[in-house]
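Peer 1: Chains as they are written, first to last, in our numbering: chain A, 33 to 207; chain B, 53 to 661.
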Amino acid sequence: MTVTSRLVLIAFALALGCGVAALAAAPGNPTPVKESGGIWTDKDGAPTFNIAKDGSVDWGTFVGFLRYNDACLRCHGPDGAGSSYAPDLTQALKGIDYAQFIAFVAGGIQAVNTAQQLVMPSFATDKNVMCFIQEIYAYLRARATGGLGRGRPPKHAPAPKGFDEASYKCLGIQM
Amino acid sequence: MRLRESWVAFAALGALAGAVIAAPTANAQNAMPSLQQAAANTGNWAIPALNYASTRYSTLDQINASNAGQLQVAWTFSTGVLRGHEGQPLVIGDVMYLVTPFPNTVYALDLNNNERIIWQYTPTQNPEVIPVMCCDTVNRGVAYGDGKIILHQADNTVVALDAQTGKVDWSTPLGSYKVGATGTDAPLVVGDKVFAGVSGGEFGVNGFIAALSLADGHIIWKANSEGPDSMIKFDPNTTTSLGKVVGADSSLKTWKGDQWKIGGGDTWGWYSYDPKLNLLYYGSGNPSTWNPVQRPGDNKWSMTIFARDADTGVAKWVYQMTPHDQWDYDGINEMILADLTINGQQVPVLVHFDRNGLAYVLNRATGALIAANKYDSDVNWTTGVDMDPSSPNYGRPSVVAQYAPGSRGANVNYQGICPAALGSKDEQPAAFDPQTGLFYVPTNHVCMDYEPYPVAYTAGQPYVGATLSMFPGPGGYMGRFIAFDPVTGKTVWAINDQFSDWGGALTTAGGVVFYGTLKGYLRAVDAKTGKILYNFKTPSGIIGNVMTYMHGGKQYIAVLSGVGGWAGIGLAAGLTDPHAGLGAVGGYAALKNYTALGGQLTVFALPGS
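#1: Do E254(B) and V516(B) count as a contact pair if the criterion is CB distance below 8 Å?
#2: Roughly how many angstroms separate the alpha carbons of D438(B) and N166(B), rounded to a whole number?
#3: Taking 8 Å as the threshold (beta carbon to beta carbon), is R106(A) in contact with chain B?
#4: Name the chain B residues that come within less than 9 Å of L180(A), Cβ to Cβ?
#5: If you reduce the DSSP assignment to three classes, tell me which class Y446(B) lands in.
#6: If you count every other CB in all the chains shown that lies within 10 Å of the CB of A275(B), and 16 or more means buried, which is it?
#7: Can the beta-carbon of F656(B) be found less than 8 Å from the beta-carbon of Q124(B)?
#8: Provide the residue span of the alpha helix (DSSP H) that contains A124(A), from first to last.
#9: Give the secondary structure of R407(B) by DSSP, where H, G and I count as helix, E and B as strand, and everything else as coil.
#10: Along chain B, which residues have their Cβ under 8 Å away from the Cβ of F155(A)?
#11: In or out: G638(B) buried (at least 16 other Cβ within 10 Å) or exposed?
#12: On the criterion of 16 or more Cβ atoms from any shown chain inside 10 Å, does E197(A) qualify as buried, or is it exposed?
#13: So is A482(B) buried or exposed if we call it buried at 16+ other beta carbons inside 10 Å?
#14: DSSP three-state label for T77(B), please.
#15: Does the separation of the CB atoms of G620(B) and G136(B) fall below 8 Å?
#16: Which stretch, first to last residue, makes up the beta strand (DSSP E) that contains E67(A)?
#17: Any C-beta of chain A sitting closer than 8 Å to the C-beta of G651(B)?
#18: With respect to the alpha helix (DSSP H) encompassing E503(B), which residues constitute its N-terminal and C-terminal limits?
#19: The beta strand (DSSP E) spanning N425(B) covers which residue range?
#20: Can you find a CB in chain B that lies within less than 8 Å of the CB of A138(A)?
#21: Can you name the start and end residues of the alpha helix (DSSP H) that T177(A) belongs to?
#22: By the DSSP assignment, the beta strand (DSSP E) with F666(B) in it spans what residues?
#23: Please compile the residues from chain A whose C-beta is within a distance smaller than 8 Å of the C-beta of E254(B).
#24: How about G23(B): is its C-beta nearer than 8 Å to some C-beta of chain A?
#25: What are the partner residues of G556(B), as DSSP defines its beta bridges?
#26: Given that I128(A) touches chain B, what residues does it touch there, using C-beta distances under 8 Å?
#27: State the Cα-Cα distance for the pair T393(B) and G447(B), rounded to the nearest angstrom.
#28: Interface residues of chain B around Y200(A) at Cβ under 7 Å?
#29: Among the residues of its own chain, which have a CB less than 6 Å from the CB of W312(B), if the five just before and after it don't count?
#30: So, are the CB atoms of P141(B) and L574(B) less than 8 Å apart?
#31: With 8 Å set as the bound, which would you pick, yes or no: does the beta-carbon of D102(A) sit closer than that to a beta-carbon of chain B?
#32: For P183(B), which option in K230(B), S442(B) and T176(B) has the closest C-alpha, if you only look at C-alpha atoms?
#33: Under 8 Å between beta-carbons, which chain B residues line up against D86(A)? List them in chain order, please.
#34: Counting contacts by CB-CB distance shorter than 8 Å, is G136(B) in contact with chain A?
#35: Suppose only complete runs of 4+ residues qualify. What are the alpha helix (DSSP H) ranges in the stretch 81–157 of chain B, listed by chain order?
#36: Helix, strand or coil for F255(B), going by three-state DSSP, please let me know.
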């Protein structure tokens, strides 16, 4: 995945975030079809996971695990397993597809009433999330539908060439 | 569109909620006492930590080690809110005051009239503040002074309410939640001032403590944790650290460029005060980000104990416990002021059980370091603090590189670090009992793997940059409630609990210590032996602090239940042990199999009238 295509994705997410809530759709067949820049996609072009027989996960899914912990863990708990007030994503992700996932992440969700005060913010401007939205989705999809267990994936594919540079450029930081 | 509709609905609700619902009351006629008068009455609980020394030691002794086993539930009260309930109620005379997590409803309950609600106040706050509160929408309690109840709202506004009517007297915003600066702490009232800090270390908020006028809410002084001397109220010629003058730019010199501006060091914990020295004590939290490689230097004055002149705000002395934090060991835990006999001499000390697993003892007048002992022997990131005054590393912890994220760069997984980021103890306050000379400390016994990586800063968005996997410490349990001597480092007794002990302790002249567990048990324990005398399961997990009061000649014990906070995030679904070996199904028990959400106050007393 090039830097440009990551940035295009952010613009796409920003636009989508204003619309919110498409029809509820299951994520479809997760079978990986194509790989680009360490990220696998399914037949519909949505990011997916590729777990080898020995349990080794693809690079994108592994990065998704890392970046999930940056912005998502403090509400959704370790390994997407939910907390005392935020949903268990290993269940929630069974019922929404990639477009809807991006819409929720970029647009946020509010359920504030007399019984609960649940708010997910918009992450549309958060590069730590949006630069890695495909990877985070692939990771959570693997947790929800791919049998990926809890904790750090024990083994993973190596980073594709130029991954760090592309990441830092997208994040806008110099290392 | 959907979003917009929910906003309109919220605005309508807000208009309703902003109003005070007050009923006429029989005991509203009497003039309210000053804080000094209220605190002098041993039947009251007038200060969040009971007293300025934050000992949480009550002289009430009706409930004692021989009769604590007969305790019964006297009355209960549902707060109407389901999120994590930290903190404790206040009791002033015949009225109990308590605050809920967001939306921060404050209740005044009439103890003379079956706890009827005298008034309740719910501020109007934008729900956008909810997701910028790291680790749940907690609030650690209201404060009292001169007939006013002081509330630090989630949206970082400090409000004074008339204690008799609940009407807003004044309201002062301390900064914008839009950049992630929020309010969770219990303010402290001293004389004509109210002290309050700020939360937001996971959003790069530069911490500060503010002194507000109790009379009208205007900000008298404000002192940041990081920045130029004028901003942090350091006098380069008089402010000391470990007996040495810190000199000019002591904070700026320890940061790369202007990283200090988004450097954290937040002040979301507890405040103590020594009236004789006129010094205010508190700690600062983690430097932002959690990726230490991205912020070289000692990152002063994050992770620091501050002693400030209460009138001017100028720092008298400071001590940075964890320079260049690599673990998220915030230094905000309570500062307990005690007079201990050390080597035959009485010394005015400050005792602080830090997240980093060390119990610090300092001379609170001078800031001299007396002791720094591990209060959990499994703490492994450090071999201890250099106690040799002639050493160039005097006062610094000796860091074990293997367990120090960043020591081999970012994008490396550092494994088996104890304690985990939530610390050997988090904000849950310990108590000091002058009768036994021991400190009663609720602790976490959790370890972690920690992988830091580069992150970008966006105002109002999480600024973290690390992946954590937490797992129970050696022995397989996650909580220890201990009786500890910080001078000798000796643990006198310990109760191991399955989950972290996240509720604050109370100790009493009756020789009974109280605390609550994450499963929801309120426990009475023999202060001398650690024997559990009473164990009652309240409706939800306890992360609140036990308090006591006297009313109508009877001693009561009260605690808020309501699982949540960091404990609710980390433990709800249970922890797994990444080192259990390939194929280990295991996984540790999930807290959600033991307790569900629910905000409730449970009050206990001995049987009979």
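Note that CB positions come from ideal geometry on N, CA and C, so glycine has one too.
Peer 2: Here's the rundown:
#1: Locating residue 516(B) in the second sequence gives position 464, counting from the first residue. Locating residue 254(B) in the second sequence gives position 202, counting from the first residue. In contact: V516(B) and E254(B) (Cβ atoms closer than 8 Å).
#2: Here residue 438(B) is taken as the residue at index 386 of the second sequence, counted from 1. Here residue 166(B) is taken as the residue at index 114 of the second sequence, counted from 1. Distance between the alpha carbons of D438(B) and N166(B): 56 Å.
#3: Walking along the first sequence from the start, residue 106(A) turns up at place 74. Yes, because at least one Cβ of chain B sits closer than 8 Å to the Cβ of R106(A).
#4: Along the first sequence, read from residue 1 onward, the residue named residue 180(A) stands at position 148. Under the 9 Å cutoff, chain B gives no residues; its nearest Cβ is about 13 Å from L180(A).
#5: Residue 446(B) sits at position 394 when you count from the first residue of the second sequence. Y446(B) falls in the coil class under three-state DSSP.
#6: Along the second sequence, read from residue 1 onward, the residue named residue 275(B) stands at position 223. Buried, by the Cβ-count rule.
#7: Your numbering for residue 656(B) matches position 604 in the second sequence. Your numbering for residue 124(B) matches position 72 in the second sequence. A contact, by the Cβ cut-off of 8 Å.
#8: Counted from its first residue, the first sequence places residue 124(A) at position 92. Its alpha helix (DSSP H) spans residues L121 to A124.
#9: Within the second sequence, residue 407(B) is the residue found at index 355, counting from 1. DSSP places R407(B) in coil when its eight states are reduced to three.
#10: As a first step, residue 155(A) must be located in the first sequence, where it is residue number 123. Chain B residues near F155(A): Q513.
#11: Start at 1 with the first residue of the second sequence, and residue 638(B) comes out as number 586. Residue placement at G638(B) is flagged as unreliable, the pLDDT there being 37, under the threshold of 50; the coordinate-derived value follows with that caveat. Looking at its Cβ environment, which holds fewer than 16 other Cβ atoms inside 10 Å, G638(B) is exposed.
#12: Against the first sequence, residue 197(A) aligns to sequence position 165. Flag for E197(A) reads exposed.
#13: For the purposes of this step, residue 482(B) is identified with residue 430 of the second sequence, where counting begins at 1. Label assigned to A482(B): buried.
#14: Position 25 of the second sequence holds residue 77(B). With a pLDDT of 45 at T77(B), under the threshold of 50, the modelled position of that residue is not reliable, and the figure given next carries that caveat. In the structure shown, T77(B) sits in coil (DSSP, three-state: anything other than H, G, I, E or B).
#15: Against the second sequence, residue 620(B) aligns to sequence position 568. Against the second sequence, residue 136(B) aligns to sequence position 84. For G620(B) and G136(B), yes; Cβs fall inside 8 Å.
#16: What you label residue 67(A) is simply residue 35 of the first sequence in a count that begins at 1. That run of the beta strand (DSSP E) goes K66 to S68.
#17: Here residue 651(B) corresponds to residue number 599 of the second sequence, with the count starting at 1. Chain A contact via Cβ: absent.
#18: On the second sequence, residue 503(B) is found 451 positions in, with the first residue counted as 1. Note, E503(B): premise wrong, no alpha helix (DSSP H); beta strand (DSSP E) at V498 to P504.
#19: Your numbering for residue 425(B) matches position 373 in the second sequence. Looking at the DSSP string, the run of the beta strand (DSSP E) that includes N425(B) is L421 to K426.
#20: Along the first sequence, one-based indexing puts residue 138(A) at 106. Cβ-Cβ to chain B under 8 Å: no for A138(A).
#21: Against the first sequence, residue 177(A) aligns to sequence position 145. Counting along the chain, the alpha helix (DSSP H) containing T177(A) begins and ends at I165 to T177.
#22: Since the first residue of chain B shown is 53 and the last is 661, residue 666(B) is not available in this structure.
#23: Numbered from its first residue, the second sequence carries residue 254(B) at position 202. Those within 8 Å of E254(B) in chain A are R106.
#24: There is no way to answer for residue 23(B), as the model of chain B reaches only from 53 to 661.
#25: For the purposes of this step, residue 556(B) is taken as the residue at position 504 of the second sequence. In DSSP, G556(B) forms a bridge with N597(B).
#26: Start at 1 with the first residue of the first sequence, and residue 128(A) comes out as number 96. What I128(A) touches in chain B: nothing, since even the nearest Cβ is about 16 Å away.
#27: Along the second sequence, read from residue 1 onward, the residue named residue 393(B) stands at position 341. Along the second sequence, read from residue 1 onward, the residue named residue 447(B) stands at position 395. Looking at the two C-alpha atoms, the distance is approximately 22 Å.
#28: One-based indexing of the first sequence puts residue 200(A) at position 168. Chain B residues near Y200(A): P506.
#29: Along the second sequence, one-based indexing puts residue 312(B) at 260. Excluding residues within five positions, the ones whose Cβ falls inside 6 Å are E278 and G279.
#30: Translated into the one-based positions of the second sequence, residue 141(B) becomes position 89. Translated into the one-based positions of the second sequence, residue 574(B) becomes position 522. No. Outside cutoff.
#31: For this step, residue 102(A) is matched to residue 70 along the first sequence. Cβ-Cβ to chain B under 8 Å: yes for D102(A).
#32: Numbered from 1 along the second sequence, position 131 holds the residue referred to as residue 183(B). Minimum Cα distance to P183(B) is reached at K230(B).
#33: If you number the first sequence from 1, residue 86(A) lands on position 54. Ordered by position in chain B, no residue passes the 8 Å Cβ test against D86(A), which lies about 10 Å from the chain.
#34: Along the second sequence, one-based indexing puts residue 136(B) at 84. Yes, G136(B) lies at the interface with chain A (some Cβ there is under 8 Å from its Cβ).
#35: 87–92
#36: Here residue 255(B) corresponds to residue number 203 of the second sequence, with the count starting at 1. Of the three classes helix, strand and coil, the one that applies to F255(B) here is helix, per DSSP.
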